[in-house]
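*Asks:*
There are 2 protein chains.
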Amino acid sequence: MRSDKTTGRAAPPRRRRKESSDILGFAKEIDAGLLSIVFPEQKETSLGRLLTSAVECFAQNGYHGTSTRDIARHAKLSSAALYVHFKTKNELLYKITLVMARSMLQDLRNVDKPELPPAERLAALIRSYVGCIARMTMAVRVSTFEFQALTREQRRVTTAIRSEVNAIVTACLEQGRDRGQFRIVDVDLMRIAIMSLCITVCQWYKPNGRMPPEELADHYVGLVLRMVGCQDGAAMDAKGAGL
Amino acid sequence: MRSDKTTGRAAPPRRRRKESSDILGFAKEIDAGLLSIVFPEQKETSLGRLLTSAVECFAQNGYHGTSTRDIARHAKLSSAALYVHFKTKNELLYKITLVMARSMLQDLRNVDKPELPPAERLAALIRSYVGCIARMTMAVRVSTFEFQALTREQRRVTTAIRSEVNAIVTACLEQGRDRGQFRIVDVDLMRIAIMSLCITVCQWYKPNGRMPPEELADHYVGLVLRMVGCQDGAAMDAKGAGL
DNA sequence: AAATTTTATAAGCAATCGCTTAGTATAAGC
DNA sequence: GCTTATACTAAGCGATTGCTTATAAAATTT
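Heads up: the protein sequence lines correspond to chains S and Y, in order.
Each residue of the first sequence is one higher than the last, beginning at 6 in my numbering.
Each residue of the second sequence is one higher than the last, beginning at 6 in my numbering.
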């Protein structure tokens, strides 16, 4: 389709570029979890403004619907300034996607406690996952819905990270099923259903609305426990999961 | 953002254009439900090829990621031929969106039986909704995820149709709750969760894979009945909802 | 069979695209 | 204090965009 082949021109020899020490730590590629911390606070630096602008523009109009001039204008910079910090527009999308994917994987790993009862383990995972999505709706939107604008290799890397996320949830579902606490026939289908239910939060939820992210997350914990046919579901409902 | 204002040129006086009698019945705007019937069979006519090509291109690369030349090439026509059938690229998207929105509303209305017990009523709605999404993943993808590429007025019309869909589901949920058969605290949140769960089917489901659309729909019926805390849920599980 | 309408094409227009170049101001290293 | 690297801008490059024009074959109406 619409060719994104860097305009097909011969790539001229590039000036050497600083390889690290910037706010995202691009040397060791990207520090996971930094997006959520870094983006809001770094609105004062040019690089931070570029990143937040890109996220907002991509979230609103999509990758292909946003021009580099849009991002630059939104960040109050010339469009050439963007190319001081990023080699291409595509790299901007890739870094946003990577940071988000790693951040969510890191968050899930931090809360995953295989020694807990499956229902509590799943509840913790969902609470973290939904909370994360609810707090960063725009960045999640970009990293989820602009996936196909990445190159094949970029998609491969991103998919690898996501399959680690999937593995965590799958392990929890299997554990619950094997212990007879979850009633699940097809674990893969159940995982897809659960995670797609959660991810859509980024499409409609307004972080500054009436319901705070934590309350929403609790609500979704209740929904998911019901979906897996968890016996503790009713108990959880009663003791304040919000359902 | 990226301006889509018909390139800002003065619109020259246009030749009069045929106002109806084509396959989509554009006279009375669009016939609901025709997309699903018409698109596959009409691959031989130029208009049909243009529509299916547009759906496929938009679904794969997004509205902004698809050029009119892409669509025309895909339909084996010159790019100017597109403008014989559609005034603008945007009109193409709008018609696809409208046809889908009306088609899904029509389908839901056809299966909605308020006199049935709430669980059965909801099951029928979900079965129809998911089945429809599973059978037309690409068109649903376009009409769902390219919403923001529509003009404000086009969005208004589309939203009006969708809120009728929402009203049907909401009515069913309230009925079930009021009769004490569904355990729902926040009906709006439950509806959003249910419908976003269903709609994401268009993102991952392959209609020609191992699982036929009907089986998937049954699976989702089971999930949704569990979500609403339906007492019949267990019974349904047993008698073959697939869970 | 003549007149008209519809459907299509090749060529091209202005606008916008991603990105580069040339040049400048500021800060850092020696 | 001189050099070097960085962060930025104005201007502009070729490619591609959505869409129009001029033209003509095919289909339909009369």
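Glycine included, every Cβ here is placed at the ideal spot set by N, Cα and C.
None of these values were measured; they are calculated from a predicted model.
In chain order, which alpha helix (DSSP H) runs of at least 4 residues are fully inside the region 159-229 of chain Y?
*Replies:* Within the region 159-229 of chain Y, the complete alpha helix (DSSP H) runs of at least 4 residues are 192-204 and 206-209.
*Asks:* Looking at the C-beta of residue 70 of chain S, does it have a partner C-beta in chain Y at a distance below 8 Å?
*Replies:* By this cut-off, residue 70 of chain S is an interface position.
*Asks:* What span of residues does the alpha helix (DSSP H) with residue 112 of chain Y cover, start to end?
*Replies:* Run containing residue 112 of chain Y: 94-116, per the alpha helix (DSSP H) assignment.
*Asks:* What separation, rounded to the nearest whole angstrom, lies between the Cα atoms of residue 29 of chain Y and residue 73 of chain Y?
*Replies:* Note on residue 29 of chain Y: pLDDT 46, under 50, position unreliable in the model; the coordinate value appears next. Their Cα atoms are separated by approximately 20 Å.
*Asks:* Can you name the residues of chain S whose CB is closer than 7 Å to the CB of residue 150 of chain Y?
*Replies:* Correct list: 150.
*Asks:* Got a sec: which bits of the region 82-110 of chain Y sit with their beta carbon under 7 Å from any beta carbon on chain S, in order along the chain?
*Replies:* Within the region 82-110 of chain Y, no residue qualifies.
*Asks:* Under 9 Å Cβ-Cβ, which residues of chain S neighbour residue 128 of chain Y?
*Replies:* Correct list: empty, because the minimum Cβ distance to chain S is about 16 Å.
*Asks:* Out of curiosity, what's the CA-to-CA distance linking residue 63 of chain Y and residue 152 of chain Y?
*Replies:* For residue 63 of chain Y and residue 152 of chain Y, the distance between alpha carbons rounds to 12 Å.
*Asks:* Check whether the Cβ atoms of residue 222 of chain S and residue 139 of chain S lie closer than 8 Å to each other.
*Replies:* Their beta carbons are under 8 Å apart, which means residue 222 of chain S touches residue 139 of chain S by this criterion.
*Asks:* State the start and end residues of the unbroken alpha helix (DSSP H) segment that holds residue 137 of chain S.
*Replies:* Note, residue 137 of chain S: alpha helix (DSSP H), 123-140.
*Asks:* Is it the case that the Cβ atoms of residue 82 of chain Y and residue 55 of chain Y are separated by a distance below 8 Å?
*Replies:* Yes. Within cutoff.
*Asks:* Could you tell me the alpha carbon to alpha carbon distance between residue 234 of chain S and residue 195 of chain S, rounded to whole angstroms?
*Replies:* If you take the alpha carbons of residue 234 of chain S and residue 195 of chain S, they lie about 11 Å apart.
*Asks:* With 8 Å as the limit, tell me which residues of the region 151-185 of chain Y have their beta carbon closer than that to any beta carbon of chain S; keep them in chain order.
*Replies:* Residues 153 and 154.
*Asks:* What number of angstroms, rounded off, separates the C-alpha of residue 99 of chain Y from the C-alpha of residue 149 of chain Y?
*Replies:* Looking at the two C-alpha atoms, the distance is approximately 12 Å.
*Asks:* How would you list, in chain order, the residues of chain Y whose beta-carbon sits under 9 Å from the beta-carbon of residue 136 of chain S?
*Replies:* Residues of chain Y passing the Cβ test: none, with the nearest at roughly 16 Å.
*Asks:* Please state whether DSSP places residue 147 of chain Y in a helix, a strand or coil.
*Replies:* Looking at residue 147 of chain Y - three-state DSSP - the assignment turns out to be helix.
*Asks:* Are the beta-carbon atoms of residue 106 of chain Y and residue 199 of chain Y separated by less than 8 Å?
*Replies:* Not in contact: residue 106 of chain Y and residue 199 of chain Y (Cβ atoms no closer than 8 Å).
*Asks:* Could you check if residue 85 of chain S is buried or exposed, using at least 16 other CB atoms within 10 Å of its CB as the buried criterion?
*Replies:* Residue 85 of chain S should be labelled exposed.
*Asks:* Is residue 63 of chain Y helix, strand or coil by DSSP?
*Replies:* Residue 63 of chain Y falls in the helix class under three-state DSSP.
*Asks:* In terms of residues, what are the limits of the alpha helix (DSSP H) holding residue 87 of chain S?
*Replies:* Counting along the chain, the alpha helix (DSSP H) containing residue 87 of chain S begins and ends at 87-90.
*Asks:* Which class does residue 79 of chain Y belong to by DSSP, given the choice of helix, strand or coil?
*Replies:* Note: residue 79 of chain Y maps to helix in three-state DSSP.
*Asks:* Which of helix, strand or coil does DSSP assign to residue 55 of chain S?
*Replies:* Looking at residue 55 of chain S - three-state DSSP - the assignment turns out to be helix.
*Asks:* Who are the Cβ neighbours of residue 135 of chain S in its own chain at under 7 Å, not counting the five residues just before and after it?
*Replies:* If we look at residue 135 of chain S and ignore the five residues flanking it on each side, its Cβ neighbours are 203, 206, 221, 222 and 225.
*Asks:* Name the chain Y residues that come within less than 9 Å of residue 131 of chain S, Cβ to Cβ?
*Replies:* By Cβ distance, chain Y contributes nothing, its closest Cβ being about 12 Å from residue 131 of chain S, past 9 Å.
*Asks:* Give the single residue among S:156, S:132 and S:168 whose Cα lies nearest to the Cα of residue 228 of chain S.
*Replies:* The option with the nearest alpha carbon to residue 228 of chain S is S:132.
*Asks:* What's the C-alpha gap between residue 156 of chain Y and residue 201 of chain S?
*Replies:* Cα to Cα, the separation comes out at about 28 Å.
*Asks:* Within a Cβ cutoff of 7 Å, which residues of the same chain sit near residue 118 of chain S, ignoring the five residues on either side of it in sequence?
*Replies:* Same-chain partners within the cutoff: 126 and 129.
*Asks:* For residue 168 of chain Y, does the count of other Cβ atoms within 10 angstroms reach 16, so buried, or fall short, so exposed?
*Replies:* Burial call: exposed.
*Asks:* Mind listing the chain S neighbours of residue 58 of chain Y? Cutoff is C-beta to C-beta under 9 Å, in chain order.
*Replies:* Within 9 Å Cβ-Cβ: nothing; residue 58 of chain Y doesn't reach chain S, min ~11 Å.
*Asks:* If you draw a straight line from the alpha carbon of residue 4 of chain S to that of residue 213 of chain Y, how long is it in whole angstroms?
*Replies:* Because chain S spans 6 through 248 in this model, residue 4 of chain S falls outside it and cannot be assessed.
*Asks:* As a quick exercise: from Y:94, Y:197, Y:230 and Y:95, pick the residue whose alpha carbon is nearest that of residue 170 of chain Y.
*Replies:* Checking every option, the nearest Cα to that of residue 170 of chain Y belongs to Y:197.
*Asks:* Between the alpha carbons of residue 154 of chain Y and residue 121 of chain S, how many angstroms are there, rounded?
*Replies:* Spanning the two alpha carbons is a distance of roughly 46 Å.
*Asks:* Can you tell me the Cα-Cα spacing of residue 109 of chain S and residue 193 of chain S, whole angstroms?
*Replies:* So the two alpha carbons sit approximately 20 Å from each other.
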